[in-house]
Every structure is written in structure tokens, then in C-alpha cells.
Amino acid sequence: MQPAELSAVDIVAAVRQGDLSAVQCAETFLSRIEAGNGSINAFLNVDREGAVACAAKIDARRRAGQPIGPLAGLPVAVKDVLCTANLPTTCASKMLEHFQPPYDADTVSRLRQADAIIVGKTNMDEFAMGGSNENSAFGPVRNPWDLSRAPGGSSGGSAACVAADMAPVAIGSDTGGSIRQPAGLCGITGLKPTYGRVSRRGLIAFASSLDQIGPMARSAADCALVLETIAGHDPGDSTSLVASVPRYTELLEQPLTGVRIGRVPDHFAEGLDPEVAKGVEEAFAVLKAAGATVLDIRMPHAKYGVPTYYLIAPCEASSNLARYDGAHYGRRCEETAARKGSRASNGAIAYDSPLVEMYCRSRGEGFGPEVKRRIMLGTYALSAGYYDAYYAKAMKVRRLIRQDYLDAFEHVDLIGGPVSATPAFKLGEKTGDPLAMYLVDLYTVAANLAGIGGISFPCGFTKSGLPIGFQLQAPALGEPLLLRASDRFQRLTDWHLRRPKKSVR
Ligand code: GLN
1 MQPAELSAVD
11 IVAAVRQGDL
21 SAVQCAETFL
31 SRIEAGNGSI
41 NAFLNVDREG
51 AVACAAKIDA
61 RRRAGQPIGP
71 LAGLPVAVKD
81 VLCTANLPTT
91 CASKMLEHFQ
101 PPYDADTVSR
111 LRQADAIIVG
121 KTNMDEFAMG
131 GSNENSAFGP
141 VRNPWDLSRA
151 PGGSSGGSAA
161 CVAADMAPVA
171 IGSDTGGSIR
181 QPAGLCGITG
191 LKPTYGRVSR
201 RGLIAFASSL
211 DQIGPMARSA
221 ADCALVLETI
231 AGHDPGDSTS
241 LVASVPRYTE
251 LLEQPLTGVR
261 IGRVPDHFAE
271 GLDPEVAKGV
281 EEAFAVLKAA
291 GATVLDIRMP
301 HAKYGVPTYY
311 LIAPCEASSN
321 LARYDGAHYG
331 RRCEETAARK
341 GSRASNGAIA
351 YDSPLVEMYC
361 RSRGEGFGPE
371 VKRRIMLGTY
381 ALSAGYYDAY
391 YAKAMKVRRL
401 IRQDYLDAFE
411 HVDLIGGPVS
421 ATPAFKLGEK
431 TGDPLAMYLV
441 DLYTVAANLA
451 GIGGISFPCG
461 FTKSGLPIGF
471 QLQAPALGEP
481 LLLRASDRFQ
491 RLTDWHLRRP
501 KKSVR
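Residue numbers for the sequence shown follow the working numbering, beginning at 1 and rising by one.
Right, here's the structure in full:
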């Protein structure tokens, strides 16, 4: 049996049956990481020893007839924004390059509790700010479908490692699209659950009213399996929902007959790549053939999503990232010039005190350019005299966007559409133009602003062989239907089974 070809559902079943040992499974994926990571750069840290030791314990327990967890033997890659007690957690930033958390994030401890095997930490945009993975302080991730292209971001490493069969499952985080967009550009399935569905204890905060953790895998059924383990209330995160966790894997069977799916004609306006538009329309046709009804709906405020998001997210980021000052948290600069007694001369900045110099230089040296841009944007928008014009206004528009969804969900059960306006773009193509990079989030930010769930999965390929993503969104806690509709689509199509050519893996 070749574990790299198996779904997560099959891996877990094979380990449980004794047809596949957890060690053999871990070894297979670890060898694939060792062979492929040099070209893809999806992992920042790999824990070969820990993963094999954990797998050996699971095998021993199974052989001894002792109980094993629901994810026993399943290798999982974790985005480097989630704290891990046995591995550094860098957020792909120089600021946290040597940070070793003292505890596991709630998601990570739930995975361990379920006997999943954490194989390593994945590359990302620094502090999850970006849509191409090019903002990583440790080099960009390459898209396994075409190494000259971006995998999307910010969970680019998580998406690329699943697409390249280096892990059957990865964990990502999504503040404005960071699970769904890279999943779409890498041809895998990614679920952003409802705000609060998964605890964020141990998730390094970017924008706290938007951040959510979710699974990325090759299929909706695999996402359902992982969500069952990571979802649920956590007293350590007061924003985690007190709501029971359904058995998502058992709710996939029901057909789509009678399910109403909204289609937003504005999504197909100027700017949408024609091949993407075609793939998305064909996906609607498949869902219709599966029994769903497709209805055109209006989302009048959707066009304000990107400007609203790019005020609220930087405002929250500027506050969350204030803690990285070289004293409370984060990398501290080398000894300050002022302390050495050589106060600014020859044109160097004159700092008020050694302390101020230490703060400024620690932050200046530790953060990359995009993170600094967000901190400045957020600080400006929150400052006295501007707060009402920017932050308060954005919060009002956020409310209107949420209302659009509430109104739409009076008439439809799901909303479908593109996840990204173009297929994977070239590395370097948008790095000189922050606005062009922000616009890649056009179709994804609204779900975060409204706090609802969304899923993305492949619905076709361009002529040049790049994956096209389809997005479904559901009302709060609508994960069972999101997963069921996506799973139904995947039973009827085989886009999700395609793999990048061996030569580029
Ligand atoms: N691309 C968006 C941003 O740069 C979304 C990032 C995310 O979801 N973490 O903020």
C-alpha cells in the first residue's frame, strides 16, 4: 500500500485495521518532505524524530490492543502561526525566529490527543499578512503545479505541502482568505470554519475579530474528519463557541436535492479571468445536476469588502503586534549605540533614550516591510482625529456586509462563486504593488467580516494546467452543509484527485 496516495480517511482506517503501520505512514511522508522541500520550501521545520517516535507509540498501543485516537497515525503539517511546545514557532518572521513556545495551541493539543502525528511547521506570509507567501522572512513557497508561481497565501506552505503529497492534511489560518485562496491556487480543499468554531488559544494573533483556524486537505471528507477533532469550545479562548460539535463525517451522505445555492452575478464582472469564470459556471452546473437549485442573488455591499478589511485588519494588527518590542516579546536588537555611549552621530537617528532606541531598532529589524506597512496603516487609522473617519466607518460597513449575508440566507442555503479572480500568479508579479496584492482577496474577505464559514475546492484546470478554485459560503455553523455539498461535488468530479506532474514535485 502506498500511503502517499491515500486519503486521510483511508489512512486512519488502514492504521486502525493494522493494514498500515503509523511508522510506515510517517516515514513515507517524511521522505517525501525530504525529497521535495528543497524546491517547494513548504516547511520551515520538520520533526522527523518526534514524528517517528509518536508513530511507534501508536503502533505499540494498537498491537497491545489498547485504544487509539480517531486520527491515529495521520500525519499533519501545522502552519507556523500555531504554537507547538516541541518545535519553534516563527510566524515566518525574524521577530520570532528563535521563539520556542512553552505550550501547544489548543488545535495542536487536540490533534495530539487524537493521535495525529505532527510532522512539521509550514511556511507562510509573515504574521499571516499576505496572499502569495512572498512575505515570509524565510523565502517564498513555490506552487507545486508550476514552480515559477506563487502558491497563494498566507497559508501557502500548508496548501503546497498537501498538493505535493508531503502531508495528507495541513492546518491553516484564515483572516481574510488565507486558507481558501491558497487551497484554490494549489488545487486542494480548504475550510475556513465559522468564527469561534475552532479555539484560537495558541494561535499567534493577527486580527482577532477575523482570525480562524481550519483544515486543508485533498478532499472535503478529509476536512470533515479533521474538523471533528479540532472544533469545539475551549475555556482558554473566550471567543470559542459553546456549541456541540457535529459528527461532520457522518453528515455527508444526504443528497443535495432542494438545497438552494446563491450565485452573485457581480462576481462575474470585469477582472475575473475567463477560464476561472468558465470553471466556476461549470461547477454550478455540477451542483445543479446533483439536485441543488441555483438562484441569482445580490450582495450590494460586497464591493466594499477589500477596503473595509484593509482598515479593520491592520487596525487590529497594529494593536496585536505592539507586544513585539524586544522586551515583552520578540527578538531584541544588538546592544544599542546609546548604551555604548556613542549617541547618534554622522546622520544616524537620534533616539530619546536607550530604551526607545531598543524598541525602535528591535521592531525595525524584526519586522518585514508588509508587516510594517500594516502597523503604520492601522496606527494611522486608529489615531485621534482619524478614528471616526476610518476605523469606525469601516465597522459600520462591516455591519452592512454582514446584513447582506443575513438577507441572502433568507433565500438561499449556500452562496457559490470564485475563490480567486485568477489562477496562481507568477512569483514577483505583484510584489511591487501592494494594492494589486490586496485585491487578490476580493472574494474571500467578506466571509471573515461576517464571521461565517467558507470552503474552497478545485473545480477545473486552466489550459496551462493550473487549478481553478470554487468557493461555497454558508450561514454561521453551516459547516455540515458546506462539507456535504463539497463532498457531493467531489463524488461527481475528479478534479480533486489530480496531482502535479512528478517532474515538478
Ligand atoms: N491576504 C490577506 C491579507 O493579507 C488575508 C491574510 C489571511 O487570511 N491571513 O491580510
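Built from N, CA and C at the ideal position, the CB exists for glycine as well.
The beta carbon of residue 272 lies closer than 7 Å to those of 418, 421 in the same chain, with the five residues before and after it left out. The Cβ atoms of residue 258 and residue 295 do not sit closer than 8 Å to each other. Where residue 43 is concerned, the enclosing beta strand (DSSP E) starts and stops at 43-46. If the five residues before and after residue 175 are omitted, its C-beta is found closer than 7 Å to the C-beta atoms of 128, 206, 207, 210, 211, 313, 448, all from its own chain and listed in chain order. For the 8 Å CB-CB criterion, residue 333 and residue 358 form a contact. The C-alpha of residue 100 lies about 21 Å from the C-alpha of residue 170. At a threshold of 7 Å, residue 368 does not count as near the ligand GLN, since its beta carbon sits no closer than that to any of the ligand's heavy atoms.
Judged by beta-carbon spacing, residue 15 lies beyond the 8 Å limit of residue 69, meaning their Cβ atoms are not closer than that value. With three or more CB-CB distances shorter than 8 Å, the stretch 304-319 counts as touching the stretch 392-408. Nearest to residue 106 by alpha-carbon distance, out of 260, 238, 490, is 238. Following the DSSP letters along the chain, one finds residue 17 inside the alpha helix (DSSP H) bounded by residues 8-17.
Of 348, 135, 317, 423, the smallest CA-CA separation from residue 431 is found for 135. At least one heavy atom of the ligand GLN lies less than 7 Å from the C-beta of residue 177. For the pair residue 137 and residue 124, the Cα-to-Cα distance works out to about 9 Å. Taking C-beta atoms as the reference points, residue 21 and residue 47 fail to come closer than 8 Å. If you draw a straight line from the Cα of residue 118 to the Cα of residue 78, it comes to about 7 Å.
Here residue 192 is buried: its Cβ has 16 or more other Cβ atoms, across all protein chains shown, within 10 Å. A distance below 8 Å separates the beta carbons of residue 110 and residue 230. For residue 425, the CB stays at least 7 Å from every heavy atom of the ligand GLN. The C-beta distance from residue 145 to residue 465 rounds to 6 Å, short enough to meet the 8 Å contact threshold. Its chain contains 195 as the residues whose beta carbon lies nearer than 6 Å to that of residue 451, once the 5 sequence neighbours on both sides are disregarded; these appear in chain order. Taking a contact to require three or more Cβ pairs closer than 8 Å, the stretch 409-416 and the stretch 468-476 qualify as touching. Counting only runs of 4 or more residues that sit fully inside the stretch 341-420, the alpha helix (DSSP H) segments are 354-366, 369-382, 393-408, in chain order. Assigned with DSSP and collapsed to three states, residue 470 falls in strand. Residue 456 is bridged by DSSP to 190, 471. In the three-state DSSP reduction, residue 181 falls in the helix class (H, G or I). Measuring C-alpha to C-alpha distances from residue 492 to each of 285, 437, 318 identifies 285 as the nearest.
Contact check for residue 154 and residue 216: beta-carbon distance about 12 Å, past the 8 Å limit, so the pair fails to qualify. Around the beta-carbon of residue 42, 16 or more other beta-carbon atoms lie within 10 Å, marking it buried.
Distance from the Cα of residue 381 is smallest, within the candidate group 371, 370, 393, for 393.
Per DSSP, reduced to three states, the secondary structure at residue 139 is coil, with no helix or strand assignment.
Residue pairing by DSSP places residue 461 opposite 467 in a beta bridge. The three-state secondary structure of residue 149, taken from DSSP, is strand.
When the beta-carbon positions are compared, residue 152 and residue 185 come within less than 8 Å of each other. Of the residues assessed, residue 103 falls on the exposed side of the cut-off, its CB having fewer than 16 other CB atoms within 10 angstroms.
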